[in-house]
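Counting from 1109, one number per residue, gives the positions in the sequence shown under my numbering.
Glycine included, each C-beta is placed from N, C-alpha and C at the ideal position.
A quick note: this is a predicted structure, and the numbers were derived from the prediction, not measured.
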Amino acid sequence: MSSNRTLIGPMIVRPYKAWSNFWGALNSDGFYARSFDYMDIVNNEKRGIWNVAYLANCYLLKASLLPSVKSGYDAQLDPDMAFCRHVRQKDIFMYVDNSVDFGHLVDADGYSSMLDLTHPEFYQLEQNQWDWERRYIHPDYPDNFLQNNVPKQPCPDVYWFPIVTPRFCKEHIEVMEAYGKWSSGSNHDVRLAGGYENVPTRDIHMNQVGMERQWLHFLHLYVRPLQELVFTGYYHDPPRSLMNFVVRYRPDEQPSLRPHHDSSTYTINIALNTPNVDYQGGGCRFIRYNCSIEDTRLGWLLMHPGRLTHFHEGLPVTSGTRYIMISFVDP
């Protein structure tokens, strides 16, 4: 309003993308064309108030103009496109303002088809990364990369990082329990190509709940940088993982896991609930080093080599239910 323009809106963009609520130019058919300065504006390399050819989603219009634009809709066009074409024909200038940050756009495409999922927002990493990170990535995650930060190492070559929020952990468990089809914990496993699991657990795979692609993206964005930080000289981008699953330990089902090697270059293990609160006992023992980690931290990730050196076992849960998220990376 202080800009004293007839029709003006804040610039809002989908974070990490070039999608915004304005067009800088039109092509000969009256549709979108990228203006020479569009990327400079959406990336805030140029700031100010800009005359634009199309504006949508959020804007202010002087009330005195409403009678002249009320008939500006065409059934053959998208409503925003029809409105903006009508405004241009009336010689009314449209402006977008990026002099300050007003907010951002979310990508709602396809969201309505996800409403029957348990916690639909949990599935939104690829579509709405900025919002997803603020809900689900641990606030201390960036501290892992500070120059003076020394990664915690509770056992030799076993690293500990804050990575996800309590909300992530709670909703992840609820997604799995709502699905409810936990494996039997036997060696026979029809989900695997050969039908045989050498070291079985009671678990649900990420592909069973429609989350495999998102989880691989999670490994790429948030786990790979941690791996490169501590296991220097090993680069594999994007990470590859065929086994991504949540394990459930209970005294009356499967309380522990026998000693084994993982079929991975490295393994990640995220604690989804809290020892001595949600369950008693539990943890992981690395046998070669006679080193146990029992007081795992909610939302923290353990990362360790898979084959050869880190023979390990899951310690018995004596009461309650323990949940962990596991990925065998680069098998």
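With contacts defined as CB atoms closer than 8 Å, valine 1355 and aspartate 1311 qualify as a contacting pair. Counting only residues of its own chain and dropping the five nearest sequence neighbours on each side, arginine 1299 has a CB closer than 8 Å to the CB of Ser1291, His1313, Gln1316.
Per DSSP, isoleucine 1149 has no beta-bridge partner at all. Comparing alpha carbon positions, the residue from Asn1398, Leu1380, Leu1406, Thr1426 closest to glycine 1390 is Thr1426. Taking the Cα positions, phenylalanine 1139 is about 42 Å away from valine 1283. In chain order, Ser1128, Asn1129, Asn1165, Cys1166, Phe1210, Gly1211, His1212, Leu1213 place their CB closer than 8 Å to the CB of isoleucine 1120, counting only its own chain and leaving out the 5 sequence neighbours on each side. For tryptophan 1238, the secondary structure class from DSSP, reduced to helix, strand or coil, is helix.
Here proline 1359 carries a coil assignment [DSSP, helix/strand/coil]. In the three-state reduction of the DSSP assignment, tyrosine 1343 falls in the coil class.
Around the Cβ of asparagine 1151, a 10 Å sphere holds fewer than 16 other Cβ atoms; the residue is exposed. Cα atoms of arginine 1332 and proline 1346: separation of roughly 8 Å, rounded to the nearest angstrom.
Pairing phenylalanine 1269 with threonine 1226, the inter-Cα distance amounts to about 27 Å. At least 8 Å separates the beta-carbon of glutamine 1322 from that of methionine 1411.
In this structure glycine 1407 is buried. Its beta-carbon is surrounded by 16 or more other beta-carbon atoms within 10 angstroms. Of the other Cβ atoms in all chains shown, 16 or more fall within 10 Å of the Cβ of isoleucine 1434; this residue is therefore buried. Beta bridge pairing from DSSP links phenylalanine 1436 with Met1351, Thr1375.
The alpha-carbon of serine 1176 is positioned some 11 Å away from that of glutamine 1197.
Shown here, histidine 1369 sits in coil according to DSSP, grouped into three states, outside any helix or strand.
Contact between the segment 1233–1243 and the segment 1361–1379 is absent, with fewer than three C-beta pairs closer than 8 Å.
Annotation: isoleucine 1378 to phenylalanine 1394 spans about 16 Å, alpha carbon to alpha carbon. DSSP places tyrosine 1181 outside both helix and strand once states are collapsed to three, so it counts as coil. Fully contained in the segment 1254–1338 are the following beta strand (DSSP E) runs of length 3 or more, in chain order: 1260–1263, 1266–1270, 1311–1313. Setting aside the 5 residues that flank it on each side, aspartate 1182 is surrounded in the same chain by Ala1190, each with a C-beta closer than 6 Å to its C-beta; the list follows chain order.
Here the alpha carbons of serine 1143 and glutamate 1279 stand approximately 43 Å from one another.
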